[in-house]
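Keeping their order, the protein sequence lines are chains A and B. As numbered in the working numbering, the first sequence has no gaps in its residue numbers, which increase by one up to the final residue, 394. As numbered in the working numbering, the second sequence has no gaps in its residue numbers, which increase by one up to the final residue, 394. Where is the CB? At the ideal position from N, CA and C, for every residue including glycine. These notes concern the structure reproduced below.
There are 2 protein chains.
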Amino acid sequence: MSGELKKGTILSENQLSAEFGMSRSPIREALRVLSNEGLIELQRMGAVVIGLTTRDLNELYDVRLLLEHFVLERLSEVNHDSLIKKLEQSIDQMNMAAKYDEYVEFAYQDLRFHELVIIEADHKRILKLWESIREIILAALLITTEKRFRDDKAAVLPLIEQHHEMIKALKSQNTERIQDEVKRHFEDTRNTITASLLNEA
Amino acid sequence: MSGELKKGTILSENQLSAEFGMSRSPIREALRVLSNEGLIELQRMGAVVIGLTTRDLNELYDVRLLLEHFVLERLSEVNHDSLIKKLEQSIDQMNMAAKYDEYVEFAYQDLRFHELVIIEADHKRILKLWESIREIILAALLITTEKRFRDDKAAVLPLIEQHHEMIKALKSQNTERIQDEVKRHFEDTRNTITASLLNEA
DNA sequence: TCTTGAATACTTGTATACAAGTTGGTTAAG
DNA sequence: CTTAACCAACTTGTATACAAGTATTCAAGA
């Protein structure tokens, strides 16, 4: 995802196990995981690195929006005080992370915020789908957030603000308002992520 | 899924490799796959079998509907003659399968029908999600279809009819009609599958 | 009787070995 | 010069070996 491995590169289990000083077994498992995430494609001989195109990132965000839309549809009409408390805590930690330039922590809290919402829906199958894209989204957020912190630190504030807006919308228990707010937020991150990831790749 | 392994049963790699006369490596991979599908849960020692509840099956159908809804939203306004031709072919094969009591072929064509629609959307990430539930849905269809063929063969006809209706709706290029038809079809299968699977489990 | 502890028989994770098959290059023949 | 065939160096999939850690059982002592 960082672009370190160029699209089309062929990875072999032997080569990787030598490179990382471990045996083929854990490498093999890692390759399966990456394949499930769609980052590599397993073929007869060797695993080929799939480059991330703008389209791929858009598709990733299609799925994020799809999942979160579904989840919020279920949550919107109920009161979720304990969820909101956790979300506020997460935002507080984002602020702390921004203050002390801890971009890893910031990215993690951003992910955490959305994950909390999904978990709240209490839907095993949806949670599985989330888990299947969780790592790749975390990776995207890490790369993007690092870049954001480095290039334009002030750009972090509107991001935090958007999460505040989502909480406000949640409190209103107005389904439409909630969905709008989430959609707007995702459009925003979608653009930022696409821009930073494709620069590096 | 057939209920052969009761909920809570603990599977060990050693035990399974002995039982199936193969080494731990392929068993291990199989367990990962089952874990990704949510049929077992990997814990520190042993993998525990997750029983399928009514709720689990409903959740599975939530996801099917979610995916197909998303896909059809994208397809509905365009003309898809080649897709429709393939879908009609699939229905023909369902009819053949019904005629000659080939329930495996029937179940496969049922799956195929919906898979064709998803493939047509040409969306990598959505296709990955589909692939992650494909096997479990096929298993469900196989069990259900076998039971349907055995108990009440005539019940197969409305099922075929529903697929016809979906094609008609697709031809109309009326988004709302398409979505309604798919929803109705899924409600139907959802109930049938829930009923047959829980009897056996 | 209950608790504690040690031994044993499991478990998984990783490393290595081997078999079967694919790819690519080099050599020999036409 | 081209083509075909063989060989060598790779590949993955599976089997096996080993190390580290965990659960359970049984016995001994409080």
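Does residue i come out as helix, strand or coil in the three-state DSSP assignment?
| i | result |
| --- | --- |
| B:E324 | helix |
| B:V226 | helix |
| B:V271 | coil |
| A:M295 | In the sequence on display, residue 295 of chain A carries Glu and not Met. Looking at A:E295 - three-state DSSP - the assignment turns out to be coil, as it is neither helix nor strand. |
| B:E197 | coil |
| B:L204 | strand |
| B:I243 | coil |
| A:L235 | strand |
| A:Q302 | helix |
| A:D315 | coil |
| B:Q366 | coil |
| A:D381 | helix |
| B:M215 | coil |
| B:D345 | coil |
For residue i, which residues of its own chain have a beta-carbon under 8 Å away from its beta-carbon, when the five flanking residues on both sides are left out?
| i | result |
| --- | --- |
| B:L331 | A300, Y301, L304 |
| B:R327 | L304, E308 |
| B:K279 | L309 |
| B:V241 | G201, T202, I203, L204, I233, E234 |
| A:S325 | N229, E230 |
| A:L253 | I326, I329, I330, A333 |
Note down the Cα distance separating residue i from residue j, rounded to an integer number of angstroms.
| i | j | result |
| --- | --- | --- |
| A:T387 | A:L258 | 15 Å |
| A:M359 | A:A347 | 20 Å |
| A:L265 | A:K361 | 14 Å |
| B:A291 | B:R341 | 11 Å |
| B:E206 | B:Q236 | 12 Å |
| B:M287 | B:G214 | 37 Å |
| A:S216 | A:A223 | 12 Å |
| A:Q208 | A:S275 | 49 Å |
| A:R248 | A:D255 | 10 Å |
| B:N272 | A:H357 | 42 Å |
| A:T385 | A:D294 | 19 Å |
| B:D381 | B:H262 | 16 Å |
| B:R267 | B:S210 | 45 Å |
| A:D345 | B:F379 | 48 Å |
Is residue i near residue j, with beta carbons less than 9 Å apart?
| i | j | result |
| --- | --- | --- |
| B:R383 | B:N251 | yes |
| A:I243 | A:L204 | no |
| A:E339 | A:Q355 | no |
| A:L245 | A:L322 | no |
| B:I329 | B:E230 | yes |
| A:Q372 | A:S269 | yes |
| A:L390 | A:A333 | yes |
| A:R400 | B:R225 | What is shown of chain A runs 194 to 394, which leaves residue 400 of chain A out entirely. |
| B:L363 | B:I277 | yes |
Taking 6 Å as the limit between beta carbons, can you name the residues of its chain near residue i, skipping five residues before and five after?
| i | result |
| --- | --- |
| B:L198 | V242 |
| B:E298 | A290 |
| B:L350 | none |
| A:R221 | E206 |
| A:Y296 | T338, E339, F342 |
Tell me which same chain residues have a C-beta within less than 7 Å of the C-beta of residue i, skipping the five on either side of it?
| i | result |
| --- | --- |
| B:G239 | I203, L204, S205 |
| B:L227 | I233 |
> Can you find at least 3 beta carbon pairs, one from the region 310-323 of chain B and one from the region 364-374 of chain B, that sit closer than 8 Å?
Replying inline: With the cut-off at 8 Å, the region 310-323 of chain B and the region 364-374 of chain B do not touch.
> Using 8 Å as the Cβ pair cut-off and three pairs as the minimum, do the region 316-326 of chain B and the region 279-293 of chain B touch?
Replying inline: These segments do not touch.
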